[in-house]
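Remarks on the structure that follows.
Protein chains: 2
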Amino acid sequence: MTVVAESDLLERVLAGEARACARLMTLAERGDPAFARAHRRFAGRLGQALRIGLTGPPGAGKSTLVEGLARHWRQAGRRLGVVAVDPTSPFTGGALLGDRVRMSRLALDQGVFIRSMATRGVFGGLARATDDVVDVLDLSRRDLVLVETVGVGQSEVDVACSTDLTLVVLHPGGGDTIQAMKAGLMEVADLYVINKADMPGLERLVQELLDVMDLRDLPPERRPPILTTVASTGQGLQELARVVDETLLARRASGALAVRRSDNLERRVRRLVEGSLRRDVWETRRLSDHLHQRLAGGGTLSAYDLADDVLHLYRDAARDDARTGLEGTP
Amino acid sequence: MTVVAESDLLERVLAGEARACARLMTLAERGDPAFARAHRRFAGRLGQALRIGLTGPPGAGKSTLVEGLARHWRQAGRRLGVVAVDPTSPFTGGALLGDRVRMSRLALDQGVFIRSMATRGVFGGLARATDDVVDVLDLSRRDLVLVETVGVGQSEVDVACSTDLTLVVLHPGGGDTIQAMKAGLMEVADLYVINKADMPGLERLVQELLDVMDLRDLPPERRPPILTTVASTGQGLQELARVVDETLLARRASGALAVRRSDNLERRVRRLVEGSLRRDVWETRRLSDHLHQRLAGGGTLSAYDLADDVLHLYRDAARDDARTGLEGTP
Numbered sequence: 001m002t003v004v005a006e007s008d009l010l011e012r013v014l015a016g017e018a019r020a021c022a023r024l025m026t027l028a029e030r031g032d033p034a035f036a037r038a039h040r041r042f043a044g045r046l047g048q049a050l051r052i053g054l055t056g057p058p059g060a061g062k063s064t065l066v067e068g069l070a071r072h073w074r075q076a077g078r079r080l081g082v083v084a085v086d087p088t089s090p091f092t093g094g095a096l097l098g099d100r101v102r103m104s105r106l107a108l109d110q111g112v113f114i115r116s117m118a119t120r121g122v123f124g125g126l127a128r129a130t131d132d133v134v135d136v137l138d139l140s141r142r143d144l145v146l147v148e149t150v151g152v153g154q155s156e157v158d159v160a161c162s163t164d165l166t167l168v169v170l171h172p173g174g175g176d177t178i179q180a181m182k183a184g185l186m187e188v189a190d191l192y193v194i195n196k197a198d199m200p201g202l203e204r205l206v207q208e209l210l211d212v213m214d215l216r217d218l219p220p221e222r223r224p225p226i227l228t229t230v231a232s233t234g235q236g237l238q239e240l241a242r243v244v245d246e247t248l249l250a251r252r253a254s255g256a257l258a259v260r261r262s263d264n265l266e267r268r269v270r271r272l273v274e275g276s277l278r279r280d281v282w283e284t285r286r287l288s289d290h291l292h293q294r295l296a297g298g299g300t301l302s303a304y305d306l307a308d309d310v311l312h313l314y315r316d317a318a319r320d321d322a323r324t325g326l327e328g329t330p
Numbered sequence: 331m332t333v334v335a336e337s338d339l340l341e342r343v344l345a346g347e348a349r350a351c352a353r354l355m356t357l358a359e360r361g362d363p364a365f366a367r368a369h370r371r372f373a374g375r376l377g378q379a380l381r382i383g384l385t386g387p388p389g390a391g392k393s394t395l396v397e398g399l400a401r402h403w404r405q406a407g408r409r410l411g412v413v414a415v416d417p418t419s420p421f422t423g424g425a426l427l428g429d430r431v432r433m434s435r436l437a438l439d440q441g442v443f444i445r446s447m448a449t450r451g452v453f454g455g456l457a458r459a460t461d462d463v464v465d466v467l468d469l470s471r472r473d474l475v476l477v478e479t480v481g482v483g484q485s486e487v488d489v490a491c492s493t494d495l496t497l498v499v500l501h502p503g504g505g506d507t508i509q510a511m512k513a514g515l516m517e518v519a520d521l522y523v524i525n526k527a528d529m530p531g532l533e534r535l536v537q538e539l540l541d542v543m544d545l546r547d548l549p550p551e552r553r554p555p556i557l558t559t560v561a562s563t564g565q566g567l568q569e570l571a572r573v574v575d576e577t578l579l580a581r582r583a584s585g586a587l588a589v590r591r592s593d594n595l596e597r598r599v600r601r602l603v604e605g606s607l608r609r610d611v612w613e614t615r616r617l618s619d620h621l622h623q624r625l626a627g628g629g630t631l632s633a634y635d636l637a638d639d640v641l642h643l644y645r646d647a648a649r650d651d652a653r654t655g656l657e658g659t660p
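For the protein sequence lines, the chains are P and V, in the order given. Here the first sequence is numbered in my numbering, starting from 1 and rising by one per residue. Here the second sequence is numbered in my numbering, starting from 331 and rising by one per residue.
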């Protein structure tokens, strides 16, 4: 893509044109250098959209909740983006037909841009790609961006946290719920939503949540609120939307939002640096080839010996680059 | 730890002494350099134990299956290791009391060494630490090592694949089962185990599995067998153990096992190299401090700009090292 075309594309994204957004997102997902170039140019305009992550175990009804919240905020005239990072999400065609139909109706609304991302394929780069895609939505003047991930793997949980506010969605009688939370969901929740609150086991789940907060010795002011919803009927959605809006407003006013965004940015930069080093060692320096040769040599080798070997070669190559540099070749 | 103490520890591990094993595992989990040193010395002795991974969605009954298989193989006189990489596993105290009691009984058997690993805390190093812990079990003359992980996150699935054989455990009526499989379980299964096969929905689940294999266009010989069990009653366990034993025997004979182990070793070396580069940039070079300073400067910065900045500094530092090297200081 030429610089002129990039500039044109950015203008169209800024105008909120859906096809331009989709195209820029595809560049981001592919890790195309053109995206990084574009990002440097538009970074100054970012930060208008509020980013809300929703995560939780499969079956908690996250997508229905997203759809209900989206409908609520649309009625309030807000422009929305939805990013579903979940192969089991109805947004990606992974669920029951009824759900899919409902989601498609949402997708027909011009004020809602929906992007679903496969967790496979962008292996290792899921968080990077999601951040980039959310930035594109931010740039296209969305007021709110909802990011839905299944809350079980480390990278999925990371994605939901790279937002301004993280909702952990649970359901009563899930059985594995509290167990799943031990996988790290407890630490990331800004707000608990118990969906399917009309199912048996609500009180027990609330008690379990309170018990875990006690165990963690959380002071009252740092305890995430617990809200209940029945997303399929809309029950509790308005109240949830109100709490989300107010929390974000309060955090913006107190400066907590700026701190969180700075922390998120730091984690993001770390991921970019590490991804770049990874590419450098395996692709640019072609040390994969060397490793394959050593493995093909057979014999019982220590992984630690092999790793040292690769690292030495990598550092030697860097040193040679430096020597070349000293001799005057850039 | 001095070299003499390390040597003594290794002798005790080789003699199968449980406390020595636990100590070496702790060094591994901590990423202690003493473990890497020890590993280089004992690598030549590795490869005796057969490694079996079990993964699948929460609720499939993986731990009960592990316990049943372990009992079966113990009766056949084999020495076992069990590594539970799952915060929801009863081995880690995460489940119902009945399960815990049953697992403790297994733990009392001197011929079984059980190690549970938290998925948090060894963040980013989970696969590395698990490989190391399994190596220690291998070294302590276990015939079989079972590695149980919850099959939902990328890193958890990776762990289950770093074995000689991967069992994907499902249960009928799970609902999310096929969805969870889209998260990558389909690609890693050497063998499907449908546990809780006495529950309704068995036929449907089998059909769904076959459908997915059709979709993937797998030739008959590459289709993973589907076995059914009711681990809580022991039904099907003997047959499953037999198929596992035979498959491993056949793979050893055909050379497929050696290929798989070489592939696993390659992935492991990659993880070690990447972990080392990560430590180098953030800890040794202290570029975290630099990044914090830039972030504290405020303003809207592109993550890509910040990442470039860190990478330039990192490469400059490497170049300075090279110059120092040229001047004769090692």
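Even for Gly, the Cβ is constructed at its ideal location relative to N, Cα and C.
Contact under 8 Å by Cβ, residue i with residue j
i                : j                : result
Arg71 (chain P)  : Leu108 (chain P) : no
Leu456 (chain V) : Leu277 (chain P) : no
Thr559 (chain V) : Leu395 (chain V) : yes
Thr477 (chain V) : Val489 (chain V) : One point to set straight first is that residue 477 (chain V) is Val, not Thr, in the sequence displayed. Result yes, Cβ atoms of Val477 (chain V) and Val489 (chain V) sit closer than 8 Å.
Gly275 (chain P) : Arg128 (chain P) : yes
Pro388 (chain V) : Val518 (chain V) : no
Ala318 (chain P) : Ala648 (chain V) : yes
Glu641 (chain V) : Val273 (chain P) : Here residue 641 (chain V) turns out to be Leu, not Glu, going by the sequence shown. Yes, the pair counts as a contact, with Cβ atoms nearer than the cut-off.
Ala350 (chain V) : Arg342 (chain V) : yes
Straight-line gap, residue i to residue j (C-alpha atoms, nearest Å)
i                : j                : result
Arg615 (chain V) : Tyr644 (chain V) : 7 Å
Ala331 (chain P) : Val442 (chain V) : The requested residue 331 (chain P) does not occur in the structure, where chain P is confined to residues 1 to 330.
Ala307 (chain P) : Glu596 (chain V) : 9 Å
Leu185 (chain P) : Gly53 (chain P)  : 12 Å
Glu397 (chain V) : Val244 (chain P) : 45 Å
Gly627 (chain V) : Val269 (chain P) : 15 Å
Leu469 (chain V) : Ala373 (chain V) : 9 Å
His622 (chain V) : Gly629 (chain V) : 13 Å
Asp211 (chain P) : Gly61 (chain P)  : 24 Å
Gly56 (chain P)  : Ala586 (chain V) : 39 Å
Asp309 (chain P) : Val281 (chain P) : 12 Å
Arg261 (chain P) : Asp131 (chain P) : 12 Å
Val452 (chain V) : Leu287 (chain P) : Only weak support is given to the placement of Val452 (chain V): the predicted model assigns it a pLDDT of 46, under 50, and the value that follows is read from those uncertain coordinates. So the alpha carbons of these two residues sit roughly 27 Å apart.
Ala258 (chain P) : Glu246 (chain P) : 16 Å
Cys161 (chain P) : Leu631 (chain V) : 20 Å
Ala366 (chain V) : Glu239 (chain P) : 54 Å
Gln110 (chain P) : Arg546 (chain V) : 35 Å
Cβ neighbours of residue i in the same chain (closer than 8 Å, five flanking residues each side left out)
i                : result
Leu50 (chain P)  : Asp143, Leu144, Val145, Asp164, Leu165, Leu248
Arg445 (chain V) : Ala352, Met355, Gly411, Val412, Val413, Ala414, Val463, Leu467
Ala5 (chain P)   : none
Asp619 (chain V) : none
Glu347 (chain V) : Ser470
Local conformation of residue i per DSSP, three classes
i                : result
Glu347 (chain V) : coil
Asp646 (chain V) : helix
Leu46 (chain P)  : coil
Gly53 (chain P)  : strand
Gly605 (chain V) : helix
Leu521 (chain V) : strand
Leu227 (chain P) : strand
Thr493 (chain V) : coil
Leu338 (chain P) : The structure shown does not extend to residue 338 (chain P), since chain P spans only 1 to 330, so no value can be given for it.
Leu10 (chain P)  : helix
Leu218 (chain P) : coil
Thr630 (chain V) : coil
Met529 (chain V) : coil
Arg286 (chain P) : coil
Pro363 (chain V) : helix
Span of the alpha helix (DSSP H) around residue i
i                : result
Glu148 (chain P) : Per DSSP, Glu148 (chain P) belongs to no alpha helix (DSSP H); it is in the beta strand (DSSP E), 144-150.
Gly68 (chain P)  : 62-75
Val464 (chain V) : 456-469
Thr563 (chain V) : Neither: Thr563 (chain V) is in no alpha helix (DSSP H) and is coded neither H nor E.
Beta-carbon proximity list for residue i, same chain, < 7 Å, skipping 5 on both sides
i                : result
Leu205 (chain P) : Leu170, Pro172, Thr177, Ile194
Nonlocal neighbours in the same chain, by C-beta distance under 6 Å from residue i, ignoring five residues either side
i                : result
Leu331 (chain P) : With chain P represented from 1 up to 330, any question about residue 331 (chain P) goes unanswered, as that position is not in the structure.
Limits of the beta strand (DSSP E) - the one that residue i falls within
i                : result
Ser116 (chain P) : 112-117
Ala414 (chain V) : 410-415
Val611 (chain V) : It is not in any beta strand (DSSP E) - Val611 (chain V) carries neither H nor E in the DSSP assignment.
Cross-chain neighbours of residue i in chain A, by beta carbon under 8 Å
i                : result
Ala160 (chain P) : Considering every chain present, this structure includes no chain A. Its protein chains are P and V.
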